[in-house]
Structures are given as C-alpha cells and as structure tokens.
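Asks: Structure provided below as structure tokens; questions to follow.
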Amino acid sequence: MQVYYHFSSSNRNAYGLFPCARLGQTSLKNTQWALIDYSEGLSIDFVNKSAPKDTPDCGFYGENCGPAANNTFIIVISVGVAILIGLAIAAAFLYKRYRYERKLHSLFFMIDRNQIILKKHTNLMSQASLRSMASIHGSFAAASQTLRDSHFFIEDYGNHPPQDSSQMSSIFHTGSTARANPFGQFPGFGVSSGNSEDEKWHQLKEFGVGLFEGRMIGLKRIYRTDVELTRNVRLEIAQLLEATNSNTLEFVGMVIHSPDVFLVHELAQRGSLKDILDNEDMALDDVFRSQMTKDIIAGLEYLHSSPIGCHGRLKSTNCLIDGRWMVRLSSFGLREMRSEEEWQREEGVQEGKDDLWTAPELLRWSTGLGQCGHLLVQKADVYSLSIVLYELFGRLGPWGDEPMEPREIVSCVKRLPSSGKKVFRPDLAVIKEAPQIVRDTVAAAWTEEPLDRPSLFQIKRKLKPLTVGLKRTIMDNMVSIIEKLTDKLERDIAERNEELEREKEKSEMLLKMMLPEVVADSLKLGSNVSAESFESVTVFFSDCPGFVEMSATSKPIDIVNFLNDLYTVFDRIIDQFDVYKVETIADAYMVASGLPVPNGNHHAGEIASLGLTLLSAIDAFKIRHLPNEKVRLRIGMNSGPCVAGVVGLKMPRYCLFGDTVNTASRMESNGIPLRINCSESAKQVLDQLGGYVMEERGIVEMKGKGKQMTYFVRGEDSELRRERIIRERVKFASLKKAKIQEKTYDFE
Ligand SMILES: Nc1nc2c(ncn2[C@@H]2O[C@H](COP(=O)(O)OP(=O)(O)OP(=O)(O)O)[C@@H](O)[C@H]2O)c(=O)[nH]1
C-alpha cells in the first residue's frame with residue numbers, strides 16, 4: 240500500500256497526495272497473520288510546518304473541555320480572593336487596633352464631676368434598710384469605714400484649668416505616648432474652684448454614693464499624689480471597663496478633679512461582706528456562706544482568666560453584696576496606678592488593717608503590686624481567699640481572736656519563717672464549726688510557699704460538696720429567711736410604733752406641763768395662739784419671807800432641795816383645784832384660776848381654798864437643812880380681768896398681763912405671813928360664792944396702788960364648796976378638776 244500526500248509530484252509546492260512511505264505485507268509462513276512492512280519515503284512537508292495534533296483540543300469525547308477544565312481558574316481566583324480577604328481582615332484588624340490606640344490616648348474613662356449628683360451615703364447596710372426587706376436579716380451595721388484623711392494632691396491650677404496638653408501633663412504625667420487635653424472634652428472637668436461643690440467632694444472620704452446617668456454609683460477615693468497616665472495605666476483602665484462578669488463589680492469610669500480622684504463603679508446595694516459579718520443581727524447560715532464562697536471563687540476565676548489576670552487586694556471589704564445577694568468583687572485592676580497609692584498609705588495612714596489579708600510574699604515585695612507577675616499575684620489571691628473564708632466561717636474578723644494589733648500581725652506574717660517553725664497564721668480553732676473541707680482548704684491556701692498553694696480550680700473542686708444542690712436550697716432558704724424577716728420586721732415596726740407613741744406622749748406631757756392644755760393642743764395643730772382676754776379671774780401669789788436671808792446662809796444645793804421639796808408639795812396640792820400654775824420665780828409661786836378655761840366666779844373660791852390647803856400643809860413641812868425652822872408662807876390674792884397669751888418663740892410661756900396681776904402681787908408683798916391676804920375685789924367674789932370666813936385686815940398703803948382695803952381668808956365651809964362644785968361642774972367643765980375638801984380650816 241502507498242501513502243500519498245501530494246497530488247502532483249512535479250510541483251512540490253502544490254498540496255496533494257504524494258507517496259511518503261510504503262506499507263507492505265511481510266509474509267509469515269506457518270501463520271495466518273501478516274505484519275505491516277513500513278518503508279520510509281519522503282519527509283512530510285506539513286502545512287504550518289508542524290504535524291497536526293493527534294488529539295482534538297477537547298479530546299475525542301470533549302473530555303478536556305467543561306467543568307473540570309475550570310479548576311485551575313477557580314483555584315487562582317480563590318487564592319486571589321483569599322488574599323484580598325486576608326488583606327481586608329488585616330486592614331480591619333489594623334484599623335481596630337488604630338482605633339483602640341486612639342481610644343487609649345483619649346480620656347475615654349473620664350466622667351465629668353458635674354454629671355454626678357452626690358447623695359448622702361447612709362450605707363445601705365444601715366439599720367433602716369436592713370430592716371427593710373432588702374437586707375435579709377434585720378439590721379446591718381453602718382458601713383465600717385475607716386475614714387482616712389485625704390493624702391491626695393494634684394498640683395492645683397486654681398480657677399484656671401490648663402489649656403493644653405503640656406500643662407495637662409503636669410497634672411497627669413501622660414508619658415511620651417499619651418497626650419490629651421481633657422478640659423476640651425469635658426466641660427467642668429479639671430481643678431477645684433473652692434466652691435461648696437468642691438467642699439462636698441472633699442468631704443467624701445473613702446467611699447461615697449452618687450447618681451450618674453440615672454443610676455446609683457459608688458465613688459471610691461484613690462489616694463495618689465499624681466496620676467501618671469501611661470499607656471499601661473490606660474490599658475488597665477480599658478481592661479476594667481471591659482470586665483463584665485456577674486461576680487465582679489462593673490467599673491464605670493473615673494472622676495479626676497484636682498485634688499480629688501475617684502473610681503466610679505456600680506453601686507452594690509448591700510455593702511461589703513465585712514459589713515455583713517460585723518453585724519451581729521445578721522444570722523448567716525451555711526447556705527449563705529456556701530453561696531458567698533462560690534461567688535468569691537467565681538469572681539476570682541474570672542479575673543485570673545481575663546486580661547486583668549489577678550485581683551491583688553482581695554479582702555472582705557472588697558467583696559461587695561448586690562441587691563440579689565451575690566458577691567461582686569471590687570477594687571481589682573489598676574495595679575500600676577494603685578501600687579503607688581499603697582506606699583503612700585503605708586507611710587502613715589494605715590495601721591496595717593488593710594494588709595491583714597495580704598500574702599506574706601506581697602508584704603515582702605518592695606516594688607509595688609504593679610511590678611508583680613500575674614502568677615505571683617494569683618497565688619497571693621489564693622492566700623487572701625483563705626483569710627476571707629476564715630473570716631466568713633469564723634466571723635471574728637480576718638484574724639479571729641488574735642489579740643495582737645494589726646500592725647504587729649502584719650509584721651509577723653511578713654517576717655521570713657525560720658526553718659522547721661510553724662508559720663504565723665490565724666487560729667484554725669476559730670473555725671472548728673466549719674466543714675472539714677473548708678478548714679482543709681483554708682490551711683492549704685495560706686501555705687507560706689506560693690507555689691504550694693492550691694489553684695482556684697482545685698479549691699473549687701474541693702469545696703464542691705458545699706454547693707451541691709445549693710440552687711434549690713438557697714431558694715427555700717431565701718423564702719424562709721424572708722418569712723422570718725417579715726415577722727421580725729413586723730415585730731420591729733410594732734416595737735418602734737410603741738416607742739414612738741411613748742415618746743409622743745412624753746413630749747405632749749412636757750408641752751402640757753409648760754403650757755395650758757388648750758394652748759398646747761392648738762400649738763400642736765399649728766394654729767396661732769392669740770392673746771385672750773378674761774373678764775374675771777383670780778390670781779394667787781405666794782412667797783417665803785426670809786428666803787433671801789436663808790439663801791445667804793445656806794448652801795445653794797440646800798436651797799435647791801428646799802424649793803424642790805416645797806414645790807413638790809405645792810404641785811401635788813394644786814392638782815386638787817381648778818387652778819393653773821403660771822410660774823415660779825425663786826420662792827415666789829404664781830397660780831391663777833378662771834383661765835385658760837373660764838369657770839364663772841368660782842375662781843376666787845378655788846384660789847382661797849388652795850391657799851387654805853397650802854397653809855395647812857406648810858405647817859407640817861420640814862426644811863431639810865434647817866429642821867428647826869418653819870416656812871412662813873405669805874399669800875396674796877386678787878380678782879379681776881386679765882389678758883393671757885403665749886409670748887416668745889424660744890421657751891414660749893403662757894403669761895398673764897393686767898392690773899389684776901400687779902394687785903395680786905402687791906397683796907402678797909404687803910401681806911402678813913401665814914395669812915391669805917385678800918383684795919376687796921376677791922373678797923366680793925368670795926362673798927358671792929359664800930362659805931368663806933373673811934376677816935377685815937384694814938386699809939393698807941401699797942406702792943403704786945395707794946390705799947387698799949384688805950382682808951384675810953380665815954376658813955371655809957368645805958361642805959358648801961363641795962355642793963357648789965358638784966352643782967356647777969355641769970356648767971363649767973374645768974371645775975371637774977377640783978377635788979372636794981372634807982375639812983374646814985380654822986386658823987383662830
Ligand atoms: N453599700 C456599698 N458600700 C460600699 C460600696 N463600695 C464600697 N463600700 C463601702 O466602703 C467600704 C470600703 O470600700 P473600699 O474603699 O472599696 O474598700 P477598701 O478596703 O478601702 O479597699 P481598697 O482601698 O481597694 O483596698 C466597704 O467596706 C463598704 O462598706 C458599694 O458599692 N456599696
């Protein structure tokens with residue numbers, strides 16, 4: 240067979256079929272098969288100088304085209320897109336970081352002081368609130384704050400806040416990376432201007448309460464001489480703001496207003512664990528203790544796993560209790576900023592009380608908490624936890640019944656223990672009632688060697704039996720406590736009401752002793768008591784002649800005793816008559832009848848009968864320091880019109896005015912001792928009443944009054960008086976006060 244590729248052998252340029260090889264058949268004997276014999280001929284002059292492809296582009300069946308063929312393309316595209324996404328993420332990350340850095344450089348945490356309304360801090364552990372439901376077990380003690388004097392000082396710029404960051408840096412040492420002018424951003428933020436608002440803020444010592452953006456906040460003073468806002472400090476503040484956990488207290492921001500610096504945090508309604516433990520009225524049962532233990536550990540766990548890394552100053556004052564009775568840890572973080580504060584405090588303000596919870600290695604550490612690694616502080620937290628648990632279960636304070644002063648305790652803990660000797664720790668016997676697992680945990684957690692202390696995880700596992708089934712039990716517990724509280728509350732309210740009632744009665748009684756009942760009643764109702772005219776009253780004066788001489792020769796205390804004895808007798812007697820005691824001035828005793836409630840013309844009778852009774856009583860009266868002497872009482876009485884009213888704002892007195900009063904006084908001063916010296920007008924009224932034995936004394940010259948006819952009242956017919964009073968009582972209610980005398984006095 241021949242293969243042609245050219246149809247014209249003479250013209251090799253023309254394309255056609257030409258022989259280029261010969262294929263023959265090789266005969267094979269003894270076989271049925273023949274092999275193809277190929278002999279090469281001319282070389283092939285291919286169109287386009289190369290042999291055509293032996294396979295079509297897409298293959299014989301299209302297998303090289305379609306979806307499979309696009310994989311590479313897709314891969315390329317995918318890689319491209321991935322790179323783009325990567326770049327976008329990186330850009331976003333960088334942008335976020337840039338924004339974070341910018342935020343760090345700003346004063347994002349600053350709160351303008353003017354946005355906070357300071358509230359009076361009655362610690363919510365106070366009696367009142369605790370008696371209220373809020374506090375489960377009756378009254379909590381007021382916050383046991385050890386108020387420390389402020390040692391805080393930031394350079395004072397007077398009334399002119401710094402205008403730029405360079406000035407600002409004198410207040411806040413912002414470091415090379417941090418420069419900001421907070422005054423531009425926060426109107427009112429800056430330095431004290433010495434007004435009353437400043438005063439209020441200065442007066443806030445350790446802790447204050449305020450209202451910020453509609454919610455109650457706690458203000459904790461930071462004791463610093465300056466605030467260095469380095470990047471680290473800002474980072475710590477940012478971490479605090481980001482910390483959100485149900486067992487840590489929410490940090491809201493800072494108020495910096497020279498010279499005051501405050502941390503602003505969410506308010507824990509029920510005060511600190513210490514407040515609760517210090518309050519003897521607050522019975523804590525196992526369920527509460529277990530729940531609190533659980534909360535404290537949970538709070539610490541969160542801090543240890545968060546960027547904050549540790550607590551560093553755990554103590555019972557920093558375990559705050561919120562409205563739902565959950566423990567919320569506070570005062571963590573800001574280690575760098577507050578480590579400075581520690582040393583300032585140590586220099587004199589504290590008596591070591593704050594360090595009773597501090598681990599020995601931290602007490603020995605000399606460069607401040609800010610320089611400690613997280614692990615070290617975490618182990619120190621475990622130590623502090625052991626003291627808090629000891630306090631919680633022993634309820635005798637962080638060091639139980641240890642008699643040493645806090646400062647001594649702290650120095651003993653700080654001292655390196657000699658080998659083989661027991662380390663100085665609180666007495667475990669104080670918590671002998673606590674479950675064994677608690678005692679074991681406490682003992683293990685205050686080990687001297689930090690690394691030998693258990694981890695929080697181990698502590699939690701060890702104490703798990705305490706909290707098993709707690710959820711259900713605590714609810715039951717709450718209900719029963721609420722019931723108990725309600726009972727207690729009701730009893731307390733009833734008791735207080737009774738007390739209040741008693742106090743009210745006492746003060747009313749006092750008022751009535753000072754003023755006539757009708758006057759006291761209208762004063763109580765807030766009405767004005769205007770002066771009142773009385774047509775006819777009788778005024779009585781008595782006096783002890785020789786009193787001035789007696790005063791000169793007796794000891795003042797004897798005079799006081801004498802007058803007290805005498806007036807006790809008089810006061811008892813006047814209760815039997817319808818009279819009103821107006822006042823006493825030294826030995827002078829003034830009484831009136833017919834006011835403030837008129838009693839017709841019975842006033843003269845009441846006064847005369849009173850006088851007779853007094854003279855009778857005086858006969859038996861003994862002067863304690865002069866047993867051989869007798870009181871020679873001189874009495875004067877006069878009847879007529881008068882005006883009475885309350886005068887003065889301070890110590891208001893019910894006073895009588897008018898000539899009737901003056902004449903009564905003259906009757907007494909011009910009278911004869913042991914006689915009732917009676918004026919003409921009083922005698923006339925007594926005659927109208929009848930039953931009084933009168934004796935004419937005669938005309939007496941009286942200073943300012945001229946000649947006055949005078950009488951003595953010598954006796955009375957008590958039966959007549961009795962009948963008269965019984966008869967007239969219906970008409971004159973005040974006569975009901977009058978008791979009926981049985982005896983007729985005769986002074987002849
Ligand atoms: N009711 C209530 N009282 C608080 C609150 N914060 C603090 N207190 C009271 O103020 C006391 C002192 O609190 P802090 O100043 O935080 O305690 P501290 O022991 O001085 O703490 P550090 O200075 O951080 O070591 C607590 O024992 C509470 O009685 C709060 O949010 N609510």
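At position 645 of the sequence shown (counting the first as 1) the number is 884 in this note's numbering, and the numbers step up by one without a gap.
Each residue gets a CB set at the ideal place from its N, CA and C atoms; glycine is no exception.
Counting C-beta neighbours from all protein chains within 10 Å, is the total for residue 684 16 or more, i.e. buried, or is it exposed?
Replies: By the neighbour-count rule (16 or more Cβ atoms within 10 Å), residue 684 is buried.
Asks: What are the start and end residues of each continuous beta strand (DSSP E) run of 3 or more residues lying completely inside the region 764-831, in chain order?
Replies: You should have 771-782, 819-824.
Asks: I need the DSSP call for residue 246, collapsed to helix, strand or coil.
Replies: Reliability fails at residue 246, whose pLDDT of 46 lies under 50, so the model's placement of it is uncertain and the value that follows must be treated cautiously. Note: residue 246 maps to coil in three-state DSSP.
Asks: Counting pairs of Cβ atoms below 8 Å between the region 800-809 and the region 742-756, do you hit three or more?
Replies: Output reads no: the region 742-756 does not touch the region 800-809.
Asks: Report the option in 297, 296, 491, 322 whose CA atom is closest to the CA atom of residue 350.
Replies: Considering only alpha carbons, the answer is 491.
Asks: I'd like the ranges of any alpha helix (DSSP H) spanning at least 4 consecutive residues and lying wholly in the region 470-534.
Replies: Listed in chain order, they are 470-481, 512-517.
Asks: Which class does residue 354 belong to by DSSP, given the choice of helix, strand or coil?
Replies: Helix at residue 354.
Asks: DSSP has residue 916 in a bridge; who is on the other side?
Replies: According to DSSP, residue 916 bridges with 875, 951.
Asks: Tell me the rounded alpha-carbon separation between residue 932 and residue 951.
Replies: Roughly 8 Å between the two C-alpha positions.
Asks: Alpha carbon to alpha carbon, how far is residue 850 from residue 734?
Replies: One C-alpha to the other measures close to 46 Å.
Asks: When burial is assigned at 16 or more other CB atoms within 10 Å of the CB, is residue 738 buried or exposed?
Replies: The residue in question, residue 738, is exposed, as its Cβ has fewer than 16 Cβ neighbours within 10 Å.
Asks: Using 7 Å as the cut-off, classify the Cβ of residue 624 as near or not near the heavy atoms of ligand 1, replying yes or no.
Replies: No, Cβ of residue 624 sits at least 7 Å from all heavy atoms of ligand 1.
Asks: Could you pull out every unbroken alpha helix (DSSP H) segment of at least 4 residues lying fully inside the region 649-697, listed in chain order?
Replies: Segments of the alpha helix (DSSP H) lying fully in the region 649-697: 675-684.
Asks: According to the Cβ coordinates, are residue 968 and residue 978 closer than 8 Å?
Replies: Contact: no.
Asks: Less than 7 Å between the CB of residue 459 and some heavy atom of ligand 1, yes or no?
Replies: It does: the Cβ of residue 459 is within 7 Å (strictly closer) of some heavy atom of ligand 1.
Asks: Residue 620 and residue 553 - do their beta-carbons sit closer together than 8 Å?
Replies: For residue 553 and residue 620, yes; Cβs fall inside 8 Å.
Asks: What whole-angstrom Cβ distance do residue 599 and residue 653 have, given they're in contact under 8 Å?
Replies: At roughly 6 Å, the Cβ-Cβ gap stays under 8 Å, so residue 599 and residue 653 are in contact.
Asks: CB of residue 507 to nearest heavy atom of ligand 1: below 7 Å?
Replies: Yes, the Cβ of residue 507 comes within 7 Å of a heavy atom of ligand 1.
Asks: Among 863, 457, 775, which residue has its Cα nearest to the Cα of residue 793?
Replies: Comparing Cα-Cα distances from residue 793 to each of 863, 457, 775, the minimum goes to 863.
Asks: Measure the beta-carbon distance from residue 877 to residue 778 and round it to whole angstroms, keeping in mind my assumption that it falls under 8 Å.
Replies: Indeed they touch by this definition, with Cβ atoms about 6 Å apart.
Asks: Kindly indicate which residue of 466, 322, 895, 897 has the alpha-carbon position closest to the one of residue 502.
Replies: Residue 502 has its Cα closest to that of 466, out of 466, 322, 895, 897.
Asks: Does DSSP put residue 553 in a helix, in a strand, or in coil?
Replies: In this structure, residue 553 counts as coil in the three-state DSSP scheme.
Asks: Skipping 5 residues on each side, what residues in its chain have a beta carbon closer than 7 Å to that of residue 773?
Replies: Correct list, in chain order: 833, 834, 837, 880, 881, 883.
Asks: When you compare the CB positions of residue 874 and residue 915, do they come within less than 8 Å of one another, or not?
Replies: Result yes, Cβ atoms of residue 874 and residue 915 sit closer than 8 Å.
Asks: Going along the chain, which residues of its own chain have a beta-carbon closer than 6 Å to the beta-carbon of residue 627, five neighbours each way excluded?
Replies: Contacts found: 555.
Asks: Per DSSP, what kind of secondary structure is residue 576 in: helix, strand or coil?
Replies: The answer is helix: DSSP assigns residue 576 an H, G or I state.
Asks: At a cut of 8 Å, does the region 630-640 reach the region 507-517 through at least three beta carbon pairs?
Replies: As far as the Cβ criterion goes, the region 630-640 touches the region 507-517, which means the pair count is three or higher.
Asks: In terms of alpha-carbon separation, which member of 468, 957, 547, 665 lies closest to residue 678?
Replies: Considering only alpha carbons, the answer is 665.
Asks: How would you call residue 681, buried or exposed, if buried means at least 16 neighbouring beta carbons within 10 angstroms?
Replies: Answer is buried; the Cβ neighbour count reaches 16.
Asks: So, is residue 537 buried or exposed, given that buried needs 16 or more other C-beta atoms within 10 angstroms?
Replies: Buried, since its Cβ has 16 or more Cβ neighbours within 10 Å.
Asks: For residue 320, report the span of its alpha helix (DSSP H) as first-last.
Replies: First-last of the alpha helix (DSSP H) with residue 320: 310-344.
Asks: Measuring CA to CA, which of 909, 776, 784 is closest to residue 925?
Replies: Selected option, being the one with the closest Cα: 776.
Asks: Under 8 Å by Cβ, that's how I've got residue 352 and residue 496 pegged, so tell me the actual separation to the nearest angstrom.
Replies: So it is a contact: roughly 5 Å between Cβ atoms.
Asks: Regarding residue 352 and ligand 1, is the C-beta to nearest heavy atom distance less than 7 Å?
Replies: Outside the cutoff, so no.
Asks: Give the secondary structure of residue 931 by DSSP, where H, G and I count as helix, E and B as strand, and everything else as coil.
Replies: Note: residue 931 maps to strand in three-state DSSP.
Asks: Can you give me the Cβ contacts of residue 904 inside the same chain, cut-off strictly under 6 Å, excluding the 5 residues immediately before and after it?
Replies: The residues are 780.
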